[in-house]
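Asker:
Protein chains: 2
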Amino acid sequence: MGRLRPCARYGLLMVPYLLALGLGAALLRALEGPPALQLQDKLRAELAAFQGEYGACLPTGALEELLGTALAAHAHGVSILGNGSEAGTWDLPSALLFTASILTTTGFGHMAPLSAGGKAFCVVYAALGLPASLVLVATLRHCLLPLLSRPVGWVAVCWQLAPARTALLQAAGLGLLVAGTFVLLPALVLWGVQGDCSLLEAVYFCFSSLSTIGLGDLLPGRGHDLNPVLYHLGQIALLGYLLLGLLAMLLAVETFSELPQVRAMVNFFGASGPLTGEDQGGILGQDELALSSLPSSTAAPEQAPAC
Amino acid sequence: MGRLRPCARYGLLMVPYLLALGLGAALLRALEGPPALQLQDKLRAELAAFQGEYGACLPTGALEELLGTALAAHAHGVSILGNGSEAGTWDLPSALLFTASILTTTGFGHMAPLSAGGKAFCVVYAALGLPASLVLVATLRHCLLPLLSRPVGWVAVCWQLAPARTALLQAAGLGLLVAGTFVLLPALVLWGVQGDCSLLEAVYFCFSSLSTIGLGDLLPGRGHDLNPVLYHLGQIALLGYLLLGLLAMLLAVETFSELPQVRAMVNFFGASGPLTGEDQGGILGQDELALSSLPSSTAAPEQAPAC
Chain X
4 MGRLRPCARY
14 GLLMVPYLLA
24 LGLGAALLRA
34 LEGPPALQLQ
44 DKLRAELAAF
54 QGEYGACLPT
64 GALEELLGTA
74 LAAHAHGVSI
84 LGNGSEAGTW
94 DLPSALLFTA
104 SILTTTGFGH
114 MAPLSAGGKA
124 FCVVYAALGL
134 PASLVLVATL
144 RHCLLPLLSR
154 PVGWVAVCWQ
164 LAPARTALLQ
174 AAGLGLLVAG
184 TFVLLPALVL
194 WGVQGDCSLL
204 EAVYFCFSSL
214 STIGLGDLLP
224 GRGHDLNPVL
234 YHLGQIALLG
244 YLLLGLLAML
254 LAVETFSELP
264 QVRAMVNFFG
274 ASGPLTGEDQ
284 GGILGQDELA
294 LSSLPSSTAA
304 PEQAPAC
Chain G
4 MGRLRPCARY
14 GLLMVPYLLA
24 LGLGAALLRA
34 LEGPPALQLQ
44 DKLRAELAAF
54 QGEYGACLPT
64 GALEELLGTA
74 LAAHAHGVSI
84 LGNGSEAGTW
94 DLPSALLFTA
104 SILTTTGFGH
114 MAPLSAGGKA
124 FCVVYAALGL
134 PASLVLVATL
144 RHCLLPLLSR
154 PVGWVAVCWQ
164 LAPARTALLQ
174 AAGLGLLVAG
184 TFVLLPALVL
194 WGVQGDCSLL
204 EAVYFCFSSL
214 STIGLGDLLP
224 GRGHDLNPVL
234 YHLGQIALLG
244 YLLLGLLAML
254 LAVETFSELP
264 QVRAMVNFFG
274 ASGPLTGEDQ
284 GGILGQDELA
294 LSSLPSSTAA
304 PEQAPAC
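Taken in order, these protein sequences are the chains called X and G.
Its first residue numbered 4, the first sequence is counted upward by one per residue in the numbering used here.
Its first residue numbered 4, the second sequence is counted upward by one per residue in the numbering used here.
Here it is as structure tokens:
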């Protein structure tokens with residue numbers, strides 16, 4: 004077999020990637036370990052003080068048990084605190100935000116299904132909905148990219164840019180537009196509207212949502228005694244932001260991935276020699292499928308096995 | 004302009020999609036609303052009973068304040084409960100799992116940065132790491148798909164399948180392989196290892212992680228008094244699972260997206276007429292870029308503006 008060690012160069016990419024994973028972890032550990040430990044110590048000191056002061060009246064472990072159940076329920080979005088007039092965790096705007104977070108794979112996790120039926124439904128819903136999301140995005144991309152490239156095409160003609168530079172300009176332009184419109188601008192709005200979060204936290208939240216990481220540690224409005232109408236409006240705004248922003252971001256990613264420089268990089272790391280992998284084997288390409296009206300023997304692979 | 008209403012058919016896709024979003028929300032609300040309300044009522048009754056029994060010794064609001072701070076810290080992975088011998092939230096395996104959850108966009112959210120430096124680092128790390136992840140996956144796809152298609156090619160020759168059927172067989176085969184190896188099998192292992200979760204919950208967790216939704220409500224081992232070594236081994240196993248499983252899943256998605264049936268569907272919904280969008284405008288294709296050695300005037304777009 005001629006390609007005994009195919010794509011050996013991807014090791015050049017894999018090793019730094021894994022190193023970056025490890026270094027990132029080490030750095031975050033250095034940055035976050037101490038504050039987390041401090042907070043933990045502070046909390047436990049508070050608990051100890053509380054027990055010390057009032058422990059005489061509390062049976063052993065009763066407080067811990069209460070805290071434990073409260074924390075466990077919190078993971079599903081059910082709060083032990085709050086007054087009885089709330090509609091509960093699964094009001095319609097919250098449910099919509101939850102389904103949107105599933106279909107966009109953001110998965111904030113501030114709410115999660117409790118029942119077996121709910122969990123099963125989530126799996127089925129995601130299994131059907133995620134491919135549908137992908138088809139929708141592919142379709143919209145099909146429509147929107149030509150529209151987006153038109154202004155860039157005009158600029159290219161006016162400035163007499165080479166096609167390669169035009170592609171770079173398009174990618175850079177789209178990237179900046181998306182970053183500005185879907186990360187910076189919403190972050191500024193959030194920062195303005197929500198009094199107690201810094202601009203960094205707002206950018207962090209917008210970026211985390213748009214990249215579909217969805218850590219869910221900062222959700223606007225949660226835990227605040229907001230006017231319910233405002234809170235729900237905020238949830239619907241977030242929902243729209245997720246859907247539109249993700250579409251924009253995927254368009255930008257697609258644009259970058261089609262750049263010749265990026266393709267060359269992928270080809271470089273993925274090739275074992277001068278021939279690119281795309282010329283050989285791989286999934287049946289458009290051309291071969293176009294030939295599908297011909298007898299299948301014309302599409303025989305290189306090494307026919309003995310049947 | 005000839006294309007006044009481009010890609011009007013995508014509305015046929017968009018409307019059902021938004022309807023599905025709404026219906027999913029309504030259905031989840033019906034499934035989850037009652038259990039969540041019940042849990043909430045139960046918790047608040049417990050709190051009320053607690054206060055009723057021991058409230059005499061507790062100052063007003065002291066317990067609520069304690070609960071509030073405990074819940075807020077919990078969102079960052081800091082637990083008020085537990086003994087002092089733990090290494091803290093950001094031990095190395097936990098930090099590695101966190102960075103992996105960022106790079107794979109899963110974002111469990113069971114831990115989150117507290118400090119401004121940590122948040123800023125996460126944004127930068129994701130902004131650099133996500134494109135790197137995409138390049139890595141593209142490269143590996145470049146290498147692995149040819150290998151995967153070889154057995155299918157042999158089968159196609161033996162059974163004299165048409166190329167279109169071969170592609171379908173490849174996609175279906177890969178899909179089943181990924182579902183079996185990366186969802187069902189790990190779910191069975193998890194179910195076997197972790198005594199208190201059902202098979203459904205294990206499948207739910209594996210699916211949620213692999214699809215990068217990452218709700219984070221069920222994280223194996225959390226909250227259990229496990230042997231720390233076992234717990235950390237579990238975290239490392241989860242880390243490997245995320246990285247490998249996601250790669251496998253993306254390969255499967257790529258395979259499906261290249262199916263002629265899928266492409267035809269995207270073309271159908273994205274076209275405004277017989278001409279496909281790909282023939283016109285759009286991002287500069289490979290051919291045009293190959294012509295980049297020629298003067299740029301050859302690549303002038305249809306409608307040259309007056310400069």
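Each residue gets a CB set at the ideal place from its N, CA and C atoms; glycine is no exception.
So for P62(X), helix, strand or coil by DSSP?
Answerer: Three-state result, P62(X): coil.
Asker: Counting only Cβ pairs nearer than 8 angstroms, list the residues of chain X close to T184(G).
Answerer: Here the premise fails: no neighbours, minimum Cβ distance about 16 angstroms.
Asker: Checking contacts by CB at 8 angstroms: is Y244(X) closer than that to chain G?
Answerer: Not closer than 8 angstroms to any Cβ of chain G, the Cβ of Y244(X) fails to qualify, so no.
Asker: Pop quiz: L241(G) and L95(G) are said to be a contact at Cβ under 8 angstroms. What is the actual Cβ separation, rounded to whole angstroms?
Answerer: Contact flag wrong, Cβ pair sits at about 14 angstroms.
Asker: Answer with yes or no whether the minimum CB distance from Y207(G) to chain X is below 8 angstroms.
Answerer: Yes - at least one Cβ of chain X is within 8 angstroms of the one on Y207(G).
Asker: Where in the segment 137-184 of chain X do unbroken runs of the alpha helix (DSSP H), each at least 4 residues long, occur, reported from the N-terminal end onward?
Answerer: As far as the segment 137-184 of chain X is concerned, its whole alpha helix (DSSP H) runs of at least 4 residues are 166-182.
Asker: Which stretch, first to last residue, makes up the alpha helix (DSSP H) that contains R32(G)?
Answerer: Segment 13-57, the alpha helix (DSSP H) holding R32(G).
Asker: Along chain X, in chain order, which residues have C-beta atoms closer than 8 angstroms to that of T321(G)?
Answerer: It is not possible to answer for residue 321(G), since the shown part of chain G is limited to 4 through 310.
Asker: What is the residue span of the alpha helix (DSSP H) that G110(G) lies within?
Answerer: G110(G) -> no alpha helix (DSSP H), and no H or E assigned at all.
Asker: For I239(X), would you say it is in contact with chain G, using Cβ-to-Cβ distances shorter than 8 angstroms as the test?
Answerer: False, the Cβ-Cβ gap to chain G never drops below 8 angstroms.
Asker: Is the Cβ of P116(G) closer than 8 angstroms to any Cβ of chain C?
Answerer: This model lacks chain C altogether, as its protein chains are X and G.
Asker: State yes or no: is the C-beta of G132(G) within less than 8 angstroms of the C-beta of A23(X)?
Answerer: Yes, these two residues count as a Cβ contact at 8 angstroms.
Asker: Would P189(G) be called buried (16 or more neighbouring beta carbons within 10 Å of its own) or exposed?
Answerer: P189(G) should be labelled buried.
Asker: When you compare the CB positions of F111(X) and G219(X), do they come within less than 8 angstroms of one another, or not?
Answerer: A contact, by the Cβ cut-off of 8 angstroms.
Asker: Identify, in the order they occur along the chain, each residue of the same chain with its Cβ nearer than 7 angstroms to the Cβ of L278(G), setting aside the five sequence neighbours on each side.
Answerer: Low per-residue confidence applies at L278(G): pLDDT is 42, beneath 50, and the placement is therefore not dependable enough to give any value.
Asker: Considering Cα atoms alone, identify which of A48(G), L61(G), L137(G), W93(G) is closest to S214(X).
Answerer: Comparing Cα-Cα distances from S214(X) to each of A48(G), L61(G), L137(G), W93(G), the minimum goes to L137(G).
Asker: Excluding sequence positions up to five away, which residues of its chain have a Cβ less than 8 angstroms from the Cβ of M17(G)?
Answerer: Excluding positions up to five away in sequence, the list is empty.
Asker: What do you get for T108(G), buried or exposed, if any count of 16 or more other CB atoms within 10 angstroms of its CB means buried?
Answerer: So T108(G) counts as buried.
Asker: Could you give the DSSP three-state label for A78(X): helix, strand or coil?
Answerer: Residue state, collapsed to three classes: coil.
Asker: In chain order, what residues of the same chain lie with their CB nearer than 8 angstroms to the CB of F185(X), ignoring the 5 residues before and after it?
Answerer: Cβ within range, chain order: C209, L213, Y244, L247, G248, A251, M252.
Asker: From L50(G) to A65(X), what distance separates their C-alpha atoms?
Answerer: Approximately 11 angstroms, taken between the alpha carbons.
Asker: Between V155(G) and the rest of its own chain, which residues show a CB-CB distance below 8 angstroms, the 5 nearest in sequence each way excluded?
Answerer: Result list for V155(G): T169, L172, Q173, G176, in chain order.
Asker: Identify which residue in I105(X), L46(X), T92(X), E67(X) has its Cα closest to the Cα of I216(G).
Answerer: I216(G) has its Cα closest to that of I105(X), out of I105(X), L46(X), T92(X), E67(X).
Asker: Would you please state the rounded distance, in angstroms, between the beta carbons of A135(X) and Y20(G)? I believe it to be under 8 angstroms.
Answerer: At roughly 6 angstroms, the Cβ-Cβ gap stays under 8 angstroms, so A135(X) and Y20(G) are in contact.
Asker: Inspect the beta-carbon positions of G80(X) and A48(X) and report whether they are closer than 8 angstroms.
Answerer: It is not a contact, given that the beta carbons lie outside the stated cut-off.
Asker: Check whether the Cβ of C200(G) lies closer than 8 angstroms to any Cβ atom in chain X.
Answerer: C200(G) does not count as touching chain X.
Asker: Out of T258(G), W162(G), Y128(G), which has the shortest C-alpha to C-alpha gap to L147(G)?
Answerer: Here the closest residue by C-alpha is T258(G).
Asker: Please check if any C-beta of chain X sits within less than 8 angstroms of the C-beta of L287(G).
Answerer: Its pLDDT being 39, under 50, L287(G) is placed unreliably by the model, and the measurement read from it follows with that caveat. Yes, L287(G) counts as interfacial toward chain X.
Asker: Could you check whether the Cβ of M17(G) sits closer than 8 angstroms to any Cβ belonging to chain X?
Answerer: Cβ-Cβ to chain X under 8 angstroms: yes for M17(G).
Asker: Does any residue of chain X have a CB that is nearer than 8 angstroms to the CB of A255(G)?
Answerer: No, because no Cβ of chain X sits closer than 8 angstroms to the Cβ of A255(G).
Asker: List, in order along the chain, the chain G residues whose C-beta lies closer than 8 angstroms to that of P38(X)?
Answerer: Within 8 angstroms Cβ-Cβ: L117, S118, G121.
Asker: Starting from V206(X), follow the alpha helix (DSSP H) in both directions and report where the run begins and ends.
Answerer: 202-213 is the span of the alpha helix (DSSP H), which, as asked, contains V206(X).
Asker: Quick check: what's the CA-CA separation for V126(X) versus S211(G)?
Answerer: Straight-line Cα distance between these residues: approximately 7 angstroms.
Asker: Between which residues of its own chain and E281(X) is the CB-CB distance below 6 angstroms, once the five residues before and five after are set aside?
Answerer: For E281(X), the pLDDT reaches just 43, beneath the cut-off of 50, and the residue's location in the model is therefore unreliable, although a value from the coordinates is still provided. Correct list: empty, nothing qualifies.
Asker: Identify the continuous alpha helix (DSSP H) that holds V192(X) and give its terminal residues.
Answerer: From DSSP, the alpha helix (DSSP H) with V192(X) extends over 188-196.
Asker: Give the DSSP-derived three-state secondary structure of L117(G) in the structure shown.
Answerer: L117(G) falls in the coil class under three-state DSSP.
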